[in-house]
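Chains W and G supply the protein sequences, listed in that same order. Residue numbers for the first sequence, in numbering that gives the first Met the number 0: 0 to 189. Residue numbers for the second sequence, in numbering that gives the first Met the number 0: 0 to 189. For each residue, glycine too, the CB sits at the ideal point set by N, CA and C. Step one of this worksheet: look at the structure below.
Protein chains: 2
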Amino acid sequence: MDRGAAKKKRPGGRSAQVRARVQAAVIELLSDRQLEEVTIPRVAERAGVHQATIYRRWGSVAGLVDDVVAERVGELAPIPDTGTLRGDLELAAIRFAEVIAPLGGIMIRAAALSTPHADTSVSFQKRAGQLQAMLDRATARGEKTPTLTELLEGITAPLYFHQLFFGRPADSDHAKALVDRLLIYVEAAR
Amino acid sequence: MDRGAAKKKRPGGRSAQVRARVQAAVIELLSDRQLEEVTIPRVAERAGVHQATIYRRWGSVAGLVDDVVAERVGELAPIPDTGTLRGDLELAAIRFAEVIAPLGGIMIRAAALSTPHADTSVSFQKRAGQLQAMLDRATARGEKTPTLTELLEGITAPLYFHQLFFGRPADSDHAKALVDRLLIYVEAAR
DNA sequence: CTTCTAACGCGACTTTCTTCGCTTTTGGAT
DNA sequence: ATCCAAAAGCGAAGAAAGTCGCGTTAGAAG
């Protein structure tokens with residue numbers, strides 16, 4: 000009767016294997032094909048999984064990509080908790096910039112694929128929630144804290160932009176500079 | 000004998016009309032559909048043009064979007080010269096946000112659609128040069144002036160981001176707030 | 001005004017994507 | 001060990017995307 004770890008019905012079984020193989024296939028295809036050529040039948044073939052399985056679980060390429068991004072971002076760039084806002088922001092920014100690199104333009108493609116309203120993007124929602132929690136911790140400590148929007152616009156947006164237009168991630172010094180800029184503004188404006 | 004304006008064989012004829020209608024259809028579809036749902040048959044239907052025509056001239060959705068972007072980039076808001084840095088920045092930001100609106104993040108989607116390394120386009124370089132000139136004027140007036148990178152990251156990136164993730168452009172108040180944020184930082188840091 | 005030809009329209013045809021009902025497998029629970 | 005249900009496999013049928021050859025249209029040049 001629910002011994003804690005059993006949140007999902009079958010966490011370590013065949014379904015999980017299928018998911019892993021499908022995700023791997025998506026990343027492979029996305030990294031050496033044009034986005035338009037990444038189709039569900041192709042993913043199915045490379046993953047060695049039946050098409051219908053993918054249609055049932057993910058529904059569309061957008062769903063697939065979103066799932067991949069949500070998975071990778073969560074595991075590769077956990078939200079830090081260093082005890083200070085600046086520390087959290089710097090770590091988060093640096094990790095995010097690093098994650099964006101191997102994933103290449105995948106995240107950007109994911110964003111481009113998703114509906115106008117990001118409200119439906121699983122990965123975006125998840126990320127936003129984590130970041131908000133980080134900010135809440137800072138507020139609870141009595142620090143002057145930016146809003147989530149300011150954080151997204153001051154840190155995330157420039158990092159995306161960098162990857163998108165320059166084809167390479169921002170380095171850690173650059174990431175720190177962005178944090179610095181945001182904090183200077185928050186100090187000055189509040 | 001090349002009398003100047005006759006670069007293309009039939010600049011003002013039926014082909015041009017077809018192109019205009021197709022581009023309009025692309026923009027319409029792209030602004031209220033998911034990228035995945037923008038297909039050539041749909042574009043053809045909305046434009047009132049035969050499918051085969053589009054396949055022949057543009058080949059793919061990526062080709063279509065590229066063409067639209069190339070066309071519209073020329074219409075980008077001119078760089079203002081109001082006499083003050085703040086005025087220039089605010090006008091530029093507001094205009095840019097407006098231009099981005101009907102295009103509905105198309106430029107970003109175009110980048111996402113194209114091959115892995117979407118190298119920095121000519122239009123981007125041109126734009127960057129114009130903005131640099133604007134900054135140079137401010138410096139010449141003796142104002143504390145951000146770098147081009149700071150401008151791109153502080154203004155342009157958030158505006159893109161806004162459109163991309165929220166599906167709507169930033170309003171002019173928001174654009175002004177971004178300018179304010181950038182200038183506060185520049186004042187504080189210099 | 002006639003001719004030439006690039007570009008478009010048309011519709012049939014091929015390929016690929018997507019859905020559906022059914023069977024089989026499998027992980028978890030009793 | 002046995003049972004149960006969720007999820008995967010399977011293949012066929014249907015829908016949509018993409019291709020092709022040929023006839024037609026309409027700018028542009030003489």
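query, result
"According to DSSP, simplified to helix, strand and coil, what is Ala169/W?", "coil"
"Closest to Leu163/W by C-alpha separation, out of Phe165/G, Glu152/G, Gly166/G and Arg56/G, would be which residue?", "Glu152/G"
"Asp170/G: which of Asp179/G, Leu181/G, Leu158/G and Arg180/G sits nearest, CA to CA?", "Leu158/G"
"Quick one: which residues of the stretch 14-29 of chain G get their C-beta closer than 7 Å to a C-beta of chain W? List them in chain order.", "none"
"For Ser59/G, go through chain W and note every residue whose CB falls closer than 8 Å to its CB, in chain order.", "Glu35"
"What residue range is occupied by the uninterrupted alpha helix (DSSP H) comprising Leu29/W?", "Arg13 to Asp31"
"Inspect the beta-carbon positions of Glu142/W and Leu84/W and report whether they are closer than 8 Å.", "yes"
"To the nearest angstrom, report how far apart Ala188/G and Asp65/G are at their CA atoms.", "40 Å"
"What residue range is occupied by the uninterrupted alpha helix (DSSP H) comprising Leu142/W?", "Reading off the sequence, residue 142/W comes out as Glu, not Leu. That residue, Glu142/W, is in no alpha helix (DSSP H); it is neither H nor E in DSSP."
"Counting only Cβ-Cβ distances shorter than 8 Å, please list the residues of the stretch 143-170 of chain G near chain W, keeping chain order.", "Glu149, Leu151, Glu152, Gly153, Thr155, Ala156, Pro157, Tyr159, Phe160, His161, Leu163, Phe164, Phe165, Gly166 and Arg167"
"Under a three-way DSSP split, which group does Pro157/G fall into?", "helix"
"Alpha carbons only, please: which of Val21/W, Ala127/W and Ala96/W is nearest the one belonging to Leu150/W?", "Ala127/W"
"Could you give the first and the last residue of the continuous alpha helix (DSSP H) run that contains Gly86/W?", "Leu84 to Ile99"
"Please identify the residue among Arg140/W, Thr138/W, Ala96/W and Ala76/W whose C-alpha is closest to the C-alpha of Lys125/W.", "Ala76/W"
"Output the distance between the C-alpha atoms of Thr148/W and Gln50/G, rounded to the nearest integer angstrom.", "43 Å"
"I need the straight-line Cα distance from Gly12/G to Ala19/G, nearest angstrom please.", "11 Å"
"Would you report the Cα separation of Glu35/G and Arg41/G, rounded to the nearest angstrom?", "11 Å"
"Ile99/G touches chain W at which residues, Cβ-Cβ below 8 Å?", "Within chain W, no residue comes near Ile99/G; the closest Cβ sits about 13 Å away, beyond 8 Å."
"How close, in whole Å, do the beta carbons of Val178/W and Ala92/W come, if the pair is a contact with beta carbons under 8 Å?", "6 Å"
"Where does the unbroken alpha helix (DSSP H) through Ile39/G begin, and where does it stop?", "Ile39 to Ala46"
"Can you tell me whether Phe123/W is buried or exposed, with buried defined as 16 or more other CB within 10 angstroms of its CB?", "buried"
"Find the nearest neighbour of Gly166/G within the set Ser30/G, Arg140/G and Gln22/G, judged by alpha-carbon distance.", "Ser30/G"
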